[in-house]
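Student: These protein sequence lines are chains R and P, in that order. With the working numbering applied, the first sequence has no gaps in its numbers, which climb one by one up to 272 at the end. With the working numbering applied, the second sequence has no gaps in its numbers, which climb one by one up to 103 at the end. Backbone N, C-alpha and C fix where the C-beta goes; we use that ideal spot for every residue, glycine too. Since the model is a prediction, treat every value here as computed from it, not as a measurement. I'd like to ask some things about the structure below.
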Amino acid sequence: DAGVIQSPRHEVTEMGQEVTLRCKPISGHDYLFWYRQTMMRGLELLIYFNNNVPIDDSGMPEDRFSAKMPNASFSTLKIQPSEPRDSAVYFCASSLGTGTGNTIYFGEGSWLTVV
Amino acid sequence: SQKIEQNSEALNIQEGKTATLTCNYTNYSPAYLQWYRQDPGRGPVFLLLIRENEKEKRKERLKVTFDTTLKQSLFHITASQPADSATYLCALGLHAGKSTFGDGTTLTVKP
């Protein structure tokens, strides 16, 4: 399996622009997570899905952030409009669920810089 | 308030020694605890999982303990090597699907 695939790997955008991050989870995984990592706040869970349904979005910082999972093999995280404080590494991750103790498999991250 | 604390941001040890990393938590009741390794520019990679009813788990040179009374996990790397240098994250498994991560400890093993 190719693992969790994220795109783009790097993005530099201007403040106010829309940013869309994409994720393909590992085939067969029931859970999909979006995390954000910064030096100041560490690794934060933004939102997670179970069987394509959003379960907990309490970590989404504000209405500028939205996430969708239209099918089992694709998810997007959108920021509109983007701000400099959104600069971070955004990780998508997936897991099989409770049966295997929830080992989480991370992608390589999308490095976002908002200038 | 809920908190996960990992010992000092950085830990420096000599090659061949045992590295011990700690993870303390407050106001959580995790069903399990995991340790991940993260290299610069990469995503975290799973290493070990220990459940609330287990005291100790081993995998090759790695050992993890879990004390739900002390609310603490210890992560040991024996016979450490420079290749073990990385950031190590603990994660509390709270319920189906959801894990909360500590800020990590950066380990440097010097030859």
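Going by DSSP, which residues form a beta bridge with P2(P)?
Tutor: As a first step, residue 2(P) must be located in the second sequence, where it is residue number 10. Note on identity: in this sequence residue 2(P) is Ala, with Pro being the wrong assignment. In DSSP, A2(P) forms a bridge with T98(P).
Student: Taking 8 Å as the threshold (beta carbon to beta carbon), is S91(P) in contact with chain R?
Tutor: Position 99 of the second sequence holds residue 91(P). Yes, its Cβ sits closer than 8 Å to a Cβ of chain R.
Student: Hey, how far is the Cα of N111(P) from the Cα of E175(R)?
Tutor: For chain P, the structure presents residues -7 to 103; residue 111(P) sits outside this window and is missing.
Student: Taking buried to mean at least 16 other C-beta atoms within 10 Å of its own C-beta, is M277(R) buried or exposed?
Tutor: The structure shown has nothing for residue 277(R), since chain R only spans 158 to 272.
Student: Three or more beta-carbon pairs under 8 Å between the segment 90 to 99 of chain P and the segment 11 to 23 of chain P, yes or no?
Tutor: Touching, per the Cβ criterion.
Student: Exposed or buried, which one is T257(R) when buried takes at least 16 other CB atoms within 10 Å?
Tutor: Here residue 257(R) corresponds to residue number 100 of the first sequence, with the count starting at 1. With a pLDDT of 48 at T257(R), under the threshold of 50, the predicted position of this residue should be treated as unreliable, and no value is reported.
Student: Secondary structure at A71(P), three-state DSSP: helix, strand or coil?
Tutor: In the second sequence, residue 71(P) corresponds to position 79, counting from 1. Three-state DSSP puts A71(P) in coil, outside helix and strand.
Student: How many Å lie between R29(P) and L39(P) at the Cα?
Tutor: For the purposes of this step, residue 29(P) is taken as residue 37 along the second sequence, with counting starting at 1. For the purposes of this step, residue 39(P) is taken as residue 47 along the second sequence, with counting starting at 1. Cα to Cα, the separation comes out at about 7 Å.
Student: What residue does the beta strand (DSSP E) around T18(P) start on, and which one ends it?
Tutor: Taking the second sequence and counting its residues from 1, one reaches residue 18(P) at position 26. Residues A11 to T18.
Student: Indicate whether L178(R) and L234(R) have their beta-carbon atoms separated by less than 8 Å.
Tutor: Along the first sequence, one-based indexing puts residue 178(R) at 21. Along the first sequence, one-based indexing puts residue 234(R) at 77. The answer is yes: Cβ separation under 8 Å.
Student: Measuring only the C-alpha atoms, how far is H195(R) from T61(P)?
Tutor: Along the first sequence, one-based indexing puts residue 195(R) at 38. Along the second sequence, one-based indexing puts residue 61(P) at 69. One point to set straight first is that residue 195(R) is Thr, not His, in the sequence displayed. Straight-line Cα distance between these residues: approximately 31 Å.
Student: Counting contacts by CB-CB distance shorter than 8 Å, is I183(R) in contact with chain P?
Tutor: Position 26 of the first sequence, counted from the first residue, corresponds to residue 183(R). Output row for I183(R): interface = no.
Student: Does chain P have any CB closer than 8 Å to the CB of N209(R)?
Tutor: Position 52 of the first sequence, counted from the first residue, corresponds to residue 209(R). It does not: the Cβ of N209(R) has no partner Cβ on chain P nearer than 8 Å.
Student: Give me the Cα-Cα distance between V101(P) and G85(P), rounded to the nearest whole angstrom.
Tutor: Counting from 1 along the second sequence, the entry for residue 101(P) is found at position 109. Counting from 1 along the second sequence, the entry for residue 85(P) is found at position 93. Distance between the alpha carbons of V101(P) and G85(P): 29 Å.
Student: Beta carbon of I69(P), beta carbon of D76(P): below 8 Å?
Tutor: Position 77 of the second sequence, counted from the start, is the residue given in the question as residue 69(P). Position 84 of the second sequence, counted from the start, is the residue given in the question as residue 76(P). Result yes, Cβ atoms of I69(P) and D76(P) sit closer than 8 Å.
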